[in-house]
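Accompanying notes for the structure given below.
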Amino acid sequence: MEKLAGYVEHIIYRNTDNGYTVLNLVSGEDEITCVGIFSTIAEGENIEATGDYTDHPTYGTQFKVVSFEEKAPEDQEAIERYLGSGAIKGIGLAMAARIVRRFKEDTFRIIEEEPERLAEVKGISERKAMEIASQVNEKRDLRQAMIFLQQFGITMNLAVKIYNKYGQEVYGILKENPYRLADDIEGVGFRTADDIAAKAGIRTDSDFRVRSGILYTLLQASGEGHTFLPQEELTAKTSELLGIDKDIIEKNYMDLSIERKIIMKQSGEQTQIYSASFYYMEANTATMLRELDIAYDVADAEIEQRIHNIEKQTGMQLDEHQVQAVKEAVRNGLLVITGGPGTGKTTTINTIIRYFEMEGMDIFLAAPTGRAAKRMSETTGFEARTIHRMLELVPSGIPDSGSMSGNNAPSGKNGSFSSGGMHFDRNEENPLEADVIIIDEMSMVDIFLMNALLKAVSVGTRLILVGDINQLPSVGPGCVLKDIIRAGSCPVVQLTRIFRQASQSDIIVNAHKINRGEHVTLDNKSRDFFFLKRYDADVIINVVLQLIMQKLPKFVNAQPYDIQVLTPMKKGNLGVERLNSILQQYLNPPAPDKKEKEYGDKVFREGDKVMQIKNNYQMEWEIRGRYGVVIE
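Numbering-wise (the numbering used here), the sequence shown opens with residue 634 and increments by one.
Here's what the structure looks like:
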């Protein structure tokens, strides 16, 4: 590591989010380009930086800074350069020269201790003198706070966030309760706060640590799909996390409850403990669902005649449960339609759509994922969108068409929807303009998304929720569809009949058998349901390759590209990573006409089958039509 001292002549680039900066440093007679995290540095300031020289392929030699220390200007030239750099608003080069000419090396002492004397300089009023002193002191305080925070292993970028939040209170907070950082500052979790607390000498059984540990355990549980934990389980998990006795944890529940950070609910003999944000989100969701559950008085004969007309026009034939579902959709503001595979949910949705279309109503269709929305569009013939797109997810810096309310802003801290600095443009102040909203694949909707959806649905709009509670639950917290059905407070129609076409599929028949707890037949005489028992990993891979490349394409009339391979693990001999590499080698081998891109230890090749696993809602994109004209 080398050291480099000098003054900042020019800041070339700075990322305000993470503090990454490119600057010119004048050291003696040399001008050196430095790169690193310099959140607080201004032009004209003196620093001593530690780092190494590197060669950038485009920009040449640079000094990569690992750490730095700000130095106070020591001579008149340095003081004048700093004051005239623009770091202090209201002081230009000429005024800086006049100030230093008047007070010489004593300039900073005068500013800090006798700021009123700045008015002795031509062009500076007493008010301006105090403003200058305030800015200089503020920068001095920030420098001192940065040095203080770095003692605890806090990065410069995080230190700036902490200081901007607390100001001069930061000293007391870090010495008394560093766990406040986990509550107040985005990007700081319990683990980070706990490391800082350990360095600050906070006891392992401190009440602050215990309470923060309880909230952290509830947060971890939400990542596993839970909106609450039974008290005994929460106590056990927190005790294991903190390495302290369970009794110490138990006595802190009441304090957290009084502070309204947790909600304790008795359910039978069990005490359920919620993080307050999840409890109120569930309560608000229930309230909004009740408000939508409006009854409409429509004659039975009128509905049946309309259904009969739709059946004649489309050739569809509804069973009694499907007819009941259509009737309930017409008579109620809120309806749940549920049923397993092959029970006619799609036919029911199509009939409901055509019924309300004949009434001249505006109908929105949506699903939680892009694939589900695409499937919904294909089976209904109407445009379907993801719920996120329907609610108009936009970056938080972009104002919405209604006024932005605080509880609509997404945030992982308060429990509302969060997606990398995004918010939903559609909300209670800017609701969806539809008469009927149909949501498919509801089992995948978590409490965050449901809460956001309901905020955007006006009372008087019909909401129809369709899904199968026996499918895998949502990745996020909550079993929304299952809980709505269990509550029994709104109309629910369950479709149970397996239709003839679906009953020919042993996949669908066996799915229903499994749900009923019945045994499935594994004799491999089925048309579409097989079980090939193999034990050796390499043998299994060979069988998979034979099935994909030779047997299945003819049997199911599909291309190898259309066949999906699923495995329950990521690593290992039969994990996703190894299987992907082998399948690529056999199904899409290298060729002179195929472009390739290396990323880490993976090679992406033209013609590969890929899955997008993370969305970037802030990426700019465009669709061009004929002649290169942008159409969207």
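Don't be surprised by glycine CBs; every beta carbon is placed ideally from N, CA and C. As the structure is a prediction and not an experimental result, all values here were calculated from the model.
Whole angstroms are fine: how far does the CA of V1078 sit from the CA of Y988?
In the sequence shown, counting from the first residue as 1, residue 988 sits at position 355. In the sequence shown, counting from the first residue as 1, residue 1078 sits at position 445. Those two C-alpha atoms are separated by around 26 Å.
Quick check: I1181 and P1193, are their CB atoms within less than 8 Å of each other?
Position 548 of the sequence shown, counting from 1, holds the residue named residue 1181. Position 560 of the sequence shown, counting from 1, holds the residue named residue 1193. Yes, the Cβ-Cβ distance between I1181 and P1193 is below 8 Å.
Return the residue from the list I1097, R844, K808, R735 that minimises the CA-CA distance to A833.
As a first step, residue 833 must be located in the sequence shown, where it is residue number 200. Closest by alpha carbon: K808.
Whose CA, out of G977, T687, Y692, lies closest to the CA of V698?
Looking up residue 698 in the sequence shown gives position 65. Selected option, being the one with the closest Cα: T687.
Would you report the Cα separation of D1153 and K1166, rounded to the nearest angstrom?
Locating residue 1153 in the sequence shown gives position 520, where the first residue counts as 1. Locating residue 1166 in the sequence shown gives position 533, where the first residue counts as 1. The sequence given here has Val at residue 1153, not Asp. Going by the C-alpha atoms only, they are around 15 Å apart.
CA-CA distance, E738 and V754?
Your numbering for residue 738 matches position 105 in the sequence shown. Your numbering for residue 754 matches position 121 in the sequence shown. Going by the C-alpha atoms only, they are around 15 Å apart.
Span of the beta strand (DSSP E) holding E1229?
Here residue 1229 refers to the residue found at position 596 when the sequence shown is read from its first residue. Its beta strand (DSSP E) spans residues 1229-1232.
Looking only at C-alpha atoms, which of G948, T918, L726, V956 sits nearest to A934?
Here residue 934 is taken as the residue at index 301 of the sequence shown, counted from 1. Among G948, T918, L726, V956, the Cα nearest to that of A934 belongs to V956.
Once DSSP output is grouped into helix, strand and coil, what is the label at E865?
The residue labelled residue 865 in the question sits at position 232 within the sequence shown. Reduced to three states, the DSSP call for E865 is helix.
Mind checking which residues open and close the beta strand (DSSP E) that includes Y686?
On the sequence shown, position 53 is the one that residue 686 refers to. Per DSSP, Y686 belongs to the beta strand (DSSP E) from 679-689.
For the stretch 887-955, which segments carrying the alpha helix (DSSP H) assignment without a break, of at least 4 residues, lie completely within its bounds, in sequence order?
Those alpha helix (DSSP H) runs which fall completely within the stretch 887-955 and span 4+ residues are 909-925, 933-947.
Measuring alpha carbon to alpha carbon, tell me which of G858, E883, L852 ends up nearest E865.
Here the question's residue 865 lines up with position 232 in the sequence shown. Per the Cα distances, E883.
Spell out a yes or no on whether the stretch 963-971 and the stretch 919-930 are touching, meaning 3 or more CB-CB pairs, one atom from each, closer than 8 Å.
Judged by Cβ distances under 8 Å, the stretch 963-971 makes contact with the stretch 919-930, as three or more pairs qualify.
Among the residues of its own chain, which have a CB less than 6 Å from the CB of A792, if the five just before and after it don't count?
Here residue 792 refers to the residue found at position 159 when the sequence shown is read from its first residue. These residues qualify, in order along the chain: M779, L782.
Taking the alpha carbon of R731 as the point to measure from, which residue in L751, W1254, A1000, R742 has its own alpha carbon closest?
To locate residue 731, count along the sequence shown from 1; it is residue 98. The shortest C-alpha separation from R731 is found at L751.
Spatial neighbours of P706 within its chain, please: CB distance less than 6 Å, with the 5 preceding and 5 following residues excluded, ordered by chain position.
Working through the sequence shown from its first residue, we reach residue 706 at position 73. Hits under 6 Å: N679, I712, Y715.
Assign M1009 to one of three DSSP states: helix, strand, or coil.
By one-based count along the sequence shown, residue 1009 stands at place 376. It is helical.
Is the beta carbon of G684 less than 8 Å from the beta carbon of E635?
In the sequence shown, the residue the question calls residue 684 occupies position 51. In the sequence shown, the residue the question calls residue 635 occupies position 2. Closer than 8 Å, so yes.
Cβ-heavy atom distance between A928 and the ligand PLP below 7 Å?
Only the bare structure without any ligand can be found here, which leaves the ligand PLP out of the picture.
Work out the CA separation of A916 and I985 for me, nearest whole Å.
For this step, residue 985 is matched to residue 352 along the sequence shown. For this step, residue 916 is matched to residue 283 along the sequence shown. If you take the alpha carbons of I985 and A916, they lie about 30 Å apart.
DSSP three-state call for M994: helix, strand or coil?
As a first step, residue 994 must be located in the sequence shown, where it is residue number 361. Coil, per DSSP.
Enumerate in chain order the residues of its own chain whose CB-to-CB distance from G846 is below 6 Å, with the five nearest sequence positions on each side excluded.
By one-based count along the sequence shown, residue 846 stands at place 213. Correct list, in chain order: T871, L874, L875.
Run through DSSP, which three-state label would E642 get?
For the purposes of this step, residue 642 is taken as the residue at position 9 of the sequence shown. Strand.
Give me whichever residues DSSP pairs with I629 in a beta bridge.
Past the edges of the chain, shown from 634 to 1265, lies residue 629, and the structure says nothing about it.
So what does H1056 bridge to, in DSSP terms?
For the purposes of this step, residue 1056 is taken as the residue at position 423 of the sequence shown. For H1056, which the question treats as bridged, DSSP gives the partners V1027.
Looking at C-alpha atoms only, which residue of L848, T850, G856, Y796 is the closest neighbour of G1109?
In the sequence shown, residue 1109 corresponds to position 476, counting from 1. Taking only the C-alpha atoms, the option nearest G1109 is G856.
Nearest to Q950 by CA position, among G972, A766, G977, N885, is which residue?
For the purposes of this step, residue 950 is taken as residue 317 along the sequence shown, with counting starting at 1. The shortest Cα separation from Q950 among G972, A766, G977, N885 belongs to G977.
Grouping DSSP H, G and I as helix and E and B as strand, with all else coil, what is N965?
Position 332 of the sequence shown, counted from the start, is the residue given in the question as residue 965. Correct three-state label for N965: strand.
I'd like the list of long-range same chain contacts for S890, defined as Cβ closer than 8 Å, with 5 residues on each side in sequence excluded.
Here residue 890 is taken as the residue at index 257 of the sequence shown, counted from 1. Cβ within range, chain order: I896, M897.
Taking a contact to mean a Cβ-Cβ separation below 8 Å, would you say D1068 touches V1027 in this structure?
Looking up residue 1068 in the sequence shown gives position 435. Looking up residue 1027 in the sequence shown gives position 394. Contact flag unset, no.
Looking at the C-beta of N770, does it have a partner C-beta in chain B at a distance below 8 Å?
In the structure shown, chain B does not exist; there is a single protein chain.
Quick test of your reading: G973 and N1103, contact by CB under 8 Å. State the CB separation rounded to the nearest angstrom.
Along the sequence shown, one-based indexing puts residue 973 at 340. Along the sequence shown, one-based indexing puts residue 1103 at 470. About 6 Å; that satisfies the 8 Å criterion.
Give the secondary structure of V1126 by DSSP, where H, G and I count as helix, E and B as strand, and everything else as coil.
Within the sequence shown, the letter at position 493 stands for residue 1126. Correct three-state label for V1126: strand.
Below 8 Å CB to CB, which residues in the same chain sit around V769 once its five sequence neighbours on both sides are set aside?
If you number the sequence shown from 1, residue 769 lands on position 136. So the list reads I721, F741, I744, E745, once near-sequence residues are dropped.
Who are the Cβ neighbours of S1010 in its own chain at under 8 Å, not counting the five residues just before and after it?
Counting from 1 along the sequence shown, the entry for residue 1010 is found at position 377. Result list for S1010: L998, E1016, A1017, in chain order.
With DSSP run on the structure shown, which of helix, strand or coil describes V1108?
Counted from its first residue, the sequence shown places residue 1108 at position 475. In this structure, V1108 counts as coil in the three-state DSSP scheme.
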